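**Q** For the sequence shown, full-length UniProt numbering assigns the number 1 to the initial residue and increments by one for each residue that follows. A virtual CB, placed ideally from N, CA and C, is assigned to each residue, including glycine. This one's a predicted model, so the numbers in the text were calculated from it and none came from an experiment. Handing you this structure, nothing more for now.
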Amino acid sequence: MQYLAKNKVVHRDLAARNCLLDMCGTVKVADFGLSEDMYSTNYFRQGKSSVDAVETKVPIRWMPLESIEEGLYNEKSDVWSYGVTVWEIFTCGKVPYHGISCMALPRLLRAGEHLEKALQHRLLR
Numbered sequence: 001m002q003y004l005a006k007n008k009v010v011h012r013d014l015a016a017r018n019c020l021l022d023m024c025g026t027v028k029v030a031d032f033g034l035s036e037d038m039y040s041t042n043y044f045r046q047g048k049s050s051v052d053a054v055e056t057k058v059p060i061r062w063m064p065l066e067s068i069e070e071g072l073y074n075e076k077s078d079v080w081s082y083g084v085t086v087w088e089i090f091t092c093g094k095v096p097y098h099g100i101s102c103m104a105l106p107r108l109l110r111a112g113e114h115l116e117k118a119l120q121h122r123l124l125r
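Pasting the structure below:
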């Protein structure tokens, strides 16, 4: 991910489903179908807000609020997705914000809500 940020590329779909392991256990990021370069600016803006963009499937549960509401993406968007991905791994593949609709998610994030602590979840199993 550091390599992508250094080269002004935002992945926009970082999630456990797009992380592969090689024979040495090194993680390789895959699926660059939603990636964009940011050479002309330091951010990428999707045309509409992601909540309203029915024609574009986006990973809302892995996205920061500014990406969901304003369609803004930069390397910090991938940092947020990385945090959600780590949570996903530590919870053994649980769906982030399970039981919350994609339409309700922005309101939840605006209110300062966040994912439950992964370690807590793991210890309760």
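Would DSSP call E88 helix, strand or coil?
**A** Counting from 1 along the sequence shown, the entry for residue 88 is found at position 88. In the structure shown, E88 sits in a helix (DSSP, three-state: H, G or I).
**Q** Which of the three DSSP states is assigned to V79 in this structure?
**A** To locate residue 79, count along the sequence shown from 1; it is residue 79. Reduced to three states, the DSSP call for V79 is helix.
**Q** Since S35 and W62 should fall inside the 8 Å C-beta cutoff, what is the C-beta to C-beta distance between them, to a whole number of angstroms?
**A** For the purposes of this step, residue 35 is taken as the residue at position 35 of the sequence shown. For the purposes of this step, residue 62 is taken as the residue at position 62 of the sequence shown. Rounded, the Cβ-Cβ distance is 14 Å, inconsistent with contact.
**Q** Can the beta-carbon of T85 be found closer than 9 Å to that of A16?
**A** As a working note, residue 85 is residue 85 in the sequence shown. As a working note, residue 16 is residue 16 in the sequence shown. Going by C-beta atoms, T85 is nearer than 9 Å to A16.
**Q** Kindly give me the distance between the Cβ atoms of A111 and W87, rounded to whole angstroms, as I take these residues to be in contact under 8 Å.
**A** Taking the first residue of the sequence shown as position 1, residue 111 is located at position 111. Taking the first residue of the sequence shown as position 1, residue 87 is located at position 87. With 8 Å as the limit, A111 and W87 do not qualify as a contact, their Cβ atoms being about 19 Å apart.
**Q** Using the Cα positions of N7 and N74, report the straight-line distance between them to the nearest angstrom.
**A** Stepping through the sequence shown from its first residue, residue 7 is reached at position 7. Stepping through the sequence shown from its first residue, residue 74 is reached at position 74. Computed Cα separation, rounded: 12 Å.
**Q** Can you check whether the CB of M1 is closer than 9 Å to the CB of V79?
**A** Here residue 79 refers to the residue found at position 79 of the sequence shown. Here residue 1 refers to the residue found at position 1 of the sequence shown. Cβ atoms of V79 and M1: closer than 9 Å.
**Q** Could you give the C-beta distance for A30 and L20, rounded to a whole number, given that I count them as a contact under 8 Å?
**A** On the sequence shown, position 30 is the one that residue 30 refers to. On the sequence shown, position 20 is the one that residue 20 refers to. Indeed, because the Cβ distance is near 5 Å, the residues count as touching under 8 Å.
**Q** For V95, which residues of its own chain have a beta-carbon under 6 Å away from its beta-carbon, when the five flanking residues on both sides are left out?
**A** Here residue 95 corresponds to residue number 95 of the sequence shown, with the count starting at 1. Excluding the 5 residues flanking it on each side, V95 has no same chain C-beta neighbour closer than 6 Å.
**Q** Which word fits V10, buried or exposed, when buried means at least 16 other C-beta atoms lie within 10 angstroms of its C-beta?
**A** Within the sequence shown, the letter at position 10 stands for residue 10. V10 is buried by the Cβ-count criterion.
**Q** With a CB to CB cut of under 6 Å and the five nearest residues on each side skipped, what residues in its chain are close to A53?
**A** One-based indexing of the sequence shown puts residue 53 at position 53. Residue placement at A53 cannot be trusted, given a pLDDT of 47 that sits under 50; what the coordinates show is reported in the next sentence. Once the five neighbours on either side are set aside, A53 has no close Cβ partner at all.
**Q** I need the straight-line Cα distance from M103 to S77, nearest angstrom please.
**A** Residue 103 sits at position 103 when you count from the first residue of the sequence shown. Residue 77 sits at position 77 when you count from the first residue of the sequence shown. Distance between the alpha carbons of M103 and S77 is about 19 Å.
**Q** With DSSP as the reference, label E113 as helix, strand or coil.
**A** Locating residue 113 in the sequence shown gives position 113, counting from the first residue. Coil.
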